[in-house]
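Yeah, the sequence shown ends on 352 if you go by this note's numbering, and it's all consecutive.
All C-beta atoms, glycine included, are put in the ideal place defined by N, C-alpha and C.
Keep in mind that this is a model prediction, so the values were computed, not measured.
Contents: one structure, followed by commentary.
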Amino acid sequence: MADLTVAGGGSLTVEGRYQDGIVSKDGLVLAAGNVTVDAADDGIRGKDYTVLLDGAYNVTAGGDGVKSDNETDEGRGWLLVGGGQLTVNAGDDGVKAFSQLTVAGGTVTVEKSEEGLEAAHIAVSGGTVTVTANDDGVNASGGSSASGTQADAQAGMQAGGPGGGMGGGMGGGETVGDYSVDISGGSLTINSEGDGLDSNGNASISGGTVVVNGPGNDGNGALDVNGELAVTGGTVAAAGSAGMVVTPGTSSSQSGVQLTFGTTVPAGTAIQLADSGGKLVATFVTAKETASLVFSSSAITAGDEYTVYTGGTAGVSSGVGEGTLDGGQQQGTVTAGEYTAARGPGGR
């Protein structure tokens, strides 16, 4: 019923056979230690806040993996990962907060979930986040955002992204709510059967690396943003179906390309871009069958034409990496900054 801190150099194993594993009905801090939780319902649950600073945490849960769930008190219900290693296998959501979910450092791996990360406001400024989800990978939705500033104070950073009008692609035509996804650093990799990166409000990417292996069905998209998707830095590679494509909006200062393929590209295939001089500027390797790819990085110049190749060699088995065009097959050309759902290599 009070604040709870888990610390020290030892190990702790918790079996929550009735409901939850580790619970505080005030604030919960995970500061150190080697902790294993197996719970019938939620794995690790704080109410006012949940903070992960260091240590190693392996959570298996029938419900949510790790969460903070105060929905009534202003300034509460936030979750911060500042360090440590967290691995989650969840029957419901992986890492969840009512107001603000911030990853500033450490490693977060959601190996199984319905929705991987979920909160009204989600910010990634550092660390390594890997999410596997049966539904949405990262989902900004739910409760009020009035309490989002508490996590900012703890993390020493400012969260939230720029707003604006609709971008190059629409996220389903729904109301733009007070929700946000803000990626300013670190690495975020998503593998989802529903939407990959989903915000019921706005989203911004200003740094770091974002890789989305999105759905194969046309009812969902690798990116789904009801408002503005502002891309001002970092590297973005969002692959998935071609039926509902969202692209960077008009407030984006960093350009990109949109590729739509006539036939799906098999898993494990390198998709590569070369500039007008033949120089390779981007290599992305698919993790699953892909019908479209939205790619943005500082190597892409608005208005320039790029040749698209499939195949060749790559230094990674999936995601963004280095490669060569040796053995690649030319698919056509695209112009950076021209975002239209029906447009692909060579205008197909």
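### Query
Do Thr64 and Gly31 have their CB atoms nearer than 9 Å?
Within the sequence shown, the letter at position 60 stands for residue 64. Within the sequence shown, the letter at position 27 stands for residue 31. Going by C-beta atoms, Thr64 is not nearer than 9 Å to Gly31.
### Query
Should Gly331 be listed as close to the ligand FAD, given that the test is whether its C-beta is under 8 Å from any heavy atom?
This structure lacks the ligand FAD, and indeed carries no ligand of any kind.
### Query
What number of angstroms, rounded off, separates the C-alpha of Gly85 from the C-alpha of Gly50?
Taking the sequence shown and counting its residues from 1, the one referred to as residue 85 is at position 81. Taking the sequence shown and counting its residues from 1, the one referred to as residue 50 is at position 46. Sequence check: residue 85 is Val here, not Gly. Val85 and Gly50: Cα-Cα distance of roughly 13 Å.
### Query
What span of residues does the beta strand (DSSP E) with Thr337 cover, start to end?
For this step, residue 337 is matched to residue 333 along the sequence shown. Its beta strand (DSSP E) spans residues 333-339.
#### Entry: Under the three-state DSSP convention, the category Arg49 falls into
Residue mapping note: residue 49 aligns to position 45 of the sequence shown, counting from 1. Strand, per DSSP.
### Query
Does the Cβ of Glu122 have 16 or more other Cβ atoms within 10 Å, making it buried, or fewer, making it exposed?
Taking the first residue of the sequence shown as position 1, residue 122 is located at position 118. By the neighbour-count rule (16 or more Cβ atoms within 10 Å), Glu122 is buried.
### Query
Are the beta-carbon atoms belonging to Thr294 and Thr311 less than 9 Å from one another?
Numbered from 1 along the sequence shown, position 290 holds the residue referred to as residue 294. Numbered from 1 along the sequence shown, position 307 holds the residue referred to as residue 311. Not closer than 9 Å, so no.
### Spatial distance of Gly190 from Leu56 (CA atoms)
Along the sequence shown, read from residue 1 onward, the residue named residue 190 stands at position 186. Along the sequence shown, read from residue 1 onward, the residue named residue 56 stands at position 52. Cα to Cα, the separation comes out at about 17 Å.
### Task
Kindly identify the DSSP beta-bridge partner or partners of Lys100.
Counted from its first residue, the sequence shown places residue 100 at position 96. Answer by DSSP bridge pairing, in chain order: Lys71, Glu122.
### Best match in Gln333, Gln23, Ala318 for proximity to Glu354 [C-alpha to C-alpha]
Lying before the first or after the last residue shown, residue 354 is absent from the chain, which here runs from 5 to 352.
### Query
What are the residues that DSSP puts in a beta bridge with Gln262?
Looking up residue 262 in the sequence shown gives position 258. Its beta-bridge partners are Val298.
### Query
Which residues in the same chain as Asn38 place their Cβ atom closer than 6 Å to its Cβ, once the five residues preceding and following it in sequence are excluded?
By one-based count along the sequence shown, residue 38 stands at place 34. Contacts found: Ser15, Ala60.
### Task
Return the bridge partner residues of Asn93 from the DSSP annotation.
Here residue 93 refers to the residue found at position 89 of the sequence shown. According to DSSP, Asn93 bridges with Thr64, Lys116.
### Asn221 versus Gly247, Val269, Ser208, residue with shortest Cα-Cα distance
Sequence index remark: in the sequence shown, residue 221 carries index 217 (1-based). Answer by Cα proximity: Gly247.
### Task
For the stretch 194-206 and the stretch 126-145, state whether three or more C-beta atom pairs, one from each stretch, are separated by less than 8 Å.
yes
### Message
Out of Thr193, Asp202, Asp73, which one is the CA nearest neighbour of Val215?
### Response
Locating residue 215 in the sequence shown gives position 211, where the first residue counts as 1. The option with the nearest alpha carbon to Val215 is Thr193.
### Residue nearest to Gly323 in terms of C-alpha spacing, selected from Leu329, Gly332, Glu309, Thr287
Reading the sequence shown from its first residue, position 319 is the one you call residue 323. Of the listed residues, the one whose Cα sits closest to Gly323 is Thr287.
### Query
Looking at the structure shown, is Ile240 part of a helix, part of a strand, or coil, going by DSSP?
Looking up residue 240 in the sequence shown gives position 236. Here residue 240 is Val; the residue named in the question, Ile, does not match the sequence. Three-state DSSP puts Val240 in a strand.
### Task
Give the C-beta separation of Ser321 and Val289 to the nearest angstrom, bearing in mind that I take them to be a contact with Cβ-Cβ under 8 Å.
In the sequence shown, the residue the question calls residue 321 occupies position 317. In the sequence shown, the residue the question calls residue 289 occupies position 285. Sure, about 6 Å apart at Cβ, within 8 Å.
### Message
Which residue marks the beginning of the beta strand (DSSP E) containing Tyr310, and which one marks its end?
### Response
Numbered from its first residue, the sequence shown carries residue 310 at position 306. Its beta strand (DSSP E) spans residues 309-314.
### Message
Between Asn93, Pro270, Gly332, which has its C-alpha nearest Gly282's C-alpha?
### Response
In the sequence shown, counting from the first residue as 1, residue 282 sits at position 278. Looking at the Cα atoms, Gly332 is the closest of the given residues.
### Task
Report the three-state DSSP secondary structure of Ile26 (helix, strand or coil).
Here residue 26 refers to the residue found at position 22 when the sequence shown is read from its first residue. It is a strand residue.
### Query
Opposite Tyr187 in the DSSP bridges: which residues?
Here residue 187 refers to the residue found at position 183 of the sequence shown. For the sequence presented, residue 187 should be read as Ile rather than Tyr. In DSSP, Ile187 forms a bridge with Val128, Ile209.
### Query
Whose C-alpha, out of Val185, Ala43, Val70, is nearest the C-alpha of Tyr22?
The residue given as residue 22 occupies position 18 in the sequence shown. Among Val185, Ala43, Val70, the Cα nearest to that of Tyr22 is on Ala43.
### Message
Let me check understanding here. Comparing Cα to Cα, which of Val18, Gly238, Val70 lies closest to Val114?
### Response
Working through the sequence shown from its first residue, we reach residue 114 at position 110. Per the Cα distances, Val70.
### Task
Go through its chain and collect everything with a Cβ distance to Glu178's Cβ below 8 Å, but skip five positions before and after it.
Position 174 of the sequence shown holds residue 178. Only Asn204, Asn230 meet the Cβ criterion.
### Task
Rank Val235, Ser257, Asn224 by C-alpha distance to the C-alpha of Gly244 and give the top, closest one.
Locating residue 244 in the sequence shown gives position 240, counting from the first residue. Checking every option, the nearest Cα to that of Gly244 belongs to Asn224.
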